[in-house]
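*Asks:* Attaching a single structure in structure tokens format; questions to follow.
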Amino acid sequence: MDYSRQTILPQWDEAAQQKLKNSKILIVGAGGLGAAILPYLAAAGVGQLGIIDGDRIEASNLPRQVIYSESQIGSLKAEVASAYLKSRYSELSLVSYTAFLNETNASEIIQNFDLLIDATDDIATRYLIDEVCLAAGIPWVYGSIHQFEGQVSVFNFNNGPGYRDLFPIQSRSAITCSEAGVLGPTVGLIGMLQANEALKIIAGIGVSLSGKLLIYNLLTNSQDIFEISKKQANPSEEHKFRPSFISIADAIQSQAILLDVRTFGELPEVVHKRNIQIPLAELVDRWQNLDLDQELVIFCQSGARSAQAAELLNGLGFQKIKLIKGGAKELAEKLIYEKDIS
Amino acid sequence: MAKVKYFGILAENVDQAQEEVKVDSENLEELVAQLKEKHSLEAYDFQIAVNRKIILDLSVFKVRDSDEIAFLPAFAGG
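Sequence order for the protein chains is A and B.
So for the first sequence, numbering that gives the first Met the number 0 puts the first residue at 0; every next one is plus one.
So for the second sequence, numbering that gives the first Met the number 0 puts the first residue at 0; every next one is plus one.
Here you go:
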């Protein structure tokens, strides 16, 4: 492949091209945004692309998901997208996952990549991506659509804010493209902005959208950029608290309080006589319900929120804090297995 | 007059994506509550930015007449 039109750019030299060649990028979702992002990153010379999507191609996808054709209706998007790119870019390494990103597979898949691009149409998945990327230390590029408007940002990059800092409360009211309607150029343009942010992050050039939310309106061509603040329990504290870990079996046998910092209603439910649930967002107001001298074992779904909770509680004077090895799913399974439910 | 801009699904629920409001109250939380009621936005979740900076604690923020306030919901589509 001849990348000379890229490498003659003053900002994009051979070293930048090599960084891209060495990079591994995961695209979550091979729908409207994914169909725009994937071919441009592949063509630019990314070393490895991961594609995860459990969806199949539908006729209503074709007006905007331009890498798919009529004859492929009913086929799995991740497989078709992967084959499309493979046939065009011989040096590109591809990994496709014909599943949806979920709490069971997210950590294992994401840790294989240097950067993640969110091309989903689901808000809950974005909170999962945010949580797992924070725990794994991987930056991610956010993009989302509402009719003719698109949002773009970069999260968890160089200690910058995450999706939870932008939207601490999970929206009950946001609607997807299939409900709200969308034209191809809108997803195309927002996908291009995401691909461009990814290239800048990999090469270390330009100014990224980390700490900023871009909203582009394609009906008016107006762009607004908003500054995002990062919520921090102890912004002045230089040394992060590093709690130790405890196995699920030891945690159950101990006398420690099992502190669940997930949001109410998150599954699986953990039932135990020493279980207390205080969602992370409420901890700052409700920590007085906990005893400073009592040993605490904190858990959530994947470990990211419990690490934040541990840091917050340590800042408030709690010393006897441990984090559970695993998450709520493993704990609930073990409790059911041991019939240790009170 | 403060300028108020509504984005995404919120813009559909108000007559115009942009309006000017007289600032009766200097407190941002109260002003947002008034606008929520005026446009029936109680069922929606959003963040508030003033002069393009997202404000985390509305209760302590004082609005001035020249400020630009933005209502920012999360988008879902992709």
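Every residue gets a Cβ at the ideal spot worked out from N, C-alpha and C, and that includes glycine.
With H, G and I counted as helix, E and B as strand and the rest as coil, what does DSSP make of S221 (chain A)?
*Replies:* The answer is strand: DSSP assigns S221 (chain A) an E or B state.
*Asks:* Taking the C-alpha atoms as reference points, what is the distance between N274 (chain A) and Q254 (chain A)?
*Replies:* Answer to the nearest angstrom: the Cα atoms are 11 Å apart.
*Asks:* What residues of chain B sit near G30 (chain A), judged by a beta carbon separation below 7 Å?
*Replies:* Here the neighbours are G77.
*Asks:* With a CB to CB cut of under 6 Å and the five nearest residues on each side skipped, what residues in its chain are close to G7 (chain B)?
*Replies:* Contacts found: P72, F74.
*Asks:* State the beta-bridge partners of R63 (chain A) as determined by DSSP.
*Replies:* Bridge partners of R63 (chain A): none, in fact.
*Asks:* For K321 (chain A), does the count of other Cβ atoms within 10 angstroms reach 16, so buried, or fall short, so exposed?
*Replies:* That one is buried.
*Asks:* Quick check on Y336 (chain A): does DSSP put it in helix, strand or coil?
*Replies:* Y336 (chain A): helix per DSSP, three-state reduction.
*Asks:* Just checking: is the beta-carbon of H271 (chain A) within a distance shorter than 8 Å of some beta-carbon in chain B?
*Replies:* No, H271 (chain A) does not count as interfacial toward chain B.
*Asks:* Between which residues of its own chain and L213 (chain A) is the CB-CB distance below 6 Å, once the five residues before and five after are set aside?
*Replies:* Here the set comprises V151, I224.
*Asks:* Taking only beta carbons into account, state which residues of the segment 164-177 of chain A come closer than 9 Å to chain B, listed in chain order.
*Replies:* Of all residues in the segment 164-177 of chain A, D164, L165, F166, P167, I168, Q169, S170, R171, S172, A173, I174, T175, C176, S177 have a Cβ within less than 9 Å of some Cβ in chain B.
*Asks:* Since G347 (chain A) and K20 (chain A) are thought to touch, with beta carbons under 8 Å apart, how far apart are those beta carbons, to the nearest angstrom?
*Replies:* Outside the displayed range of chain A (0 to 341) lies residue 347 (chain A), so it cannot be described from this structure.
*Asks:* Where does E90 (chain A) fall in DSSP's three states?
*Replies:* In this structure, E90 (chain A) counts as coil in the three-state DSSP scheme.
*Asks:* Exposed or buried, what is N60 (chain A) when buried is set at 16 or more other beta-carbons lying within 10 Å of its beta-carbon?
*Replies:* It counts as buried.
*Asks:* Can you list the residues of chain A that F74 (chain B) reaches, using a CB-CB cut of under 8 Å?
*Replies:* Under the 8 Å cutoff, chain A gives S143, I144, H145, E148, G149, Q150, A173.
*Asks:* Taking a contact to mean a Cβ-Cβ separation below 8 Å, would you say L27 (chain B) touches I53 (chain B) in this structure?
*Replies:* No, the pair does not count as a contact, with Cβ atoms beyond the cut-off.
*Asks:* Rounded to whole angstroms, what's the CA-CA distance from T97 (chain A) to D54 (chain A)? Just pull it up for me.
*Replies:* Spanning the two alpha carbons is a distance of roughly 8 Å.
*Asks:* At a CB distance below 7 Å, what residues from the segment 5-16 of chain B approach chain A? Give them in sequence order.
*Replies:* Cβ contacts with chain A: F6, G7, I8.
*Asks:* Could you work out which residues of chain B lie near V181 (chain A), taking near to mean beta carbons separated by less than 8 Å?
*Replies:* Going along chain B in sequence order, the residues near V181 (chain A) (Cβ under 8 Å) are G76.
*Asks:* Under 7 Å Cβ to Cβ from Q193 (chain A), same chain only, skipping five residues before and after it: list those, please.
*Replies:* Once the five neighbours on either side are set aside, the close Cβ partners of Q193 (chain A) are L32, I36, I116, V140, G142, V151.
*Asks:* Who are the neighbours of R63 (chain B) on chain A, taking C-beta pairs under 7 Å?
*Replies:* Within chain A, no residue comes near R63 (chain B); the closest Cβ sits about 18 Å away, beyond 7 Å.
*Asks:* The alpha helix (DSSP H) with S172 (chain A) in it runs from where to where?
*Replies:* Element bounds for S172 (chain A): n/a, residue is neither H nor E.
*Asks:* Quick one, which of A:A179, A:F99, A:A15 has its alpha-carbon nearest L75 (chain A)'s?
*Replies:* Ranking the options by Cα distance to L75 (chain A), first place goes to A:F99.
*Asks:* Going by DSSP, what residue range makes up the alpha helix (DSSP H) through S106 (chain A)?
*Replies:* Looking at the DSSP string, the run of the alpha helix (DSSP H) that includes S106 (chain A) is 105-109.
*Asks:* Between which two residues does the alpha helix (DSSP H) harbouring A123 (chain A) extend?
*Replies:* Where A123 (chain A) is concerned, the enclosing alpha helix (DSSP H) stretches over 122-135.
*Asks:* State yes or no: is the beta carbon of A194 (chain A) nearer than 8 Å to at least one beta carbon in chain B?
*Replies:* So no, A194 (chain A) is outside the interface.
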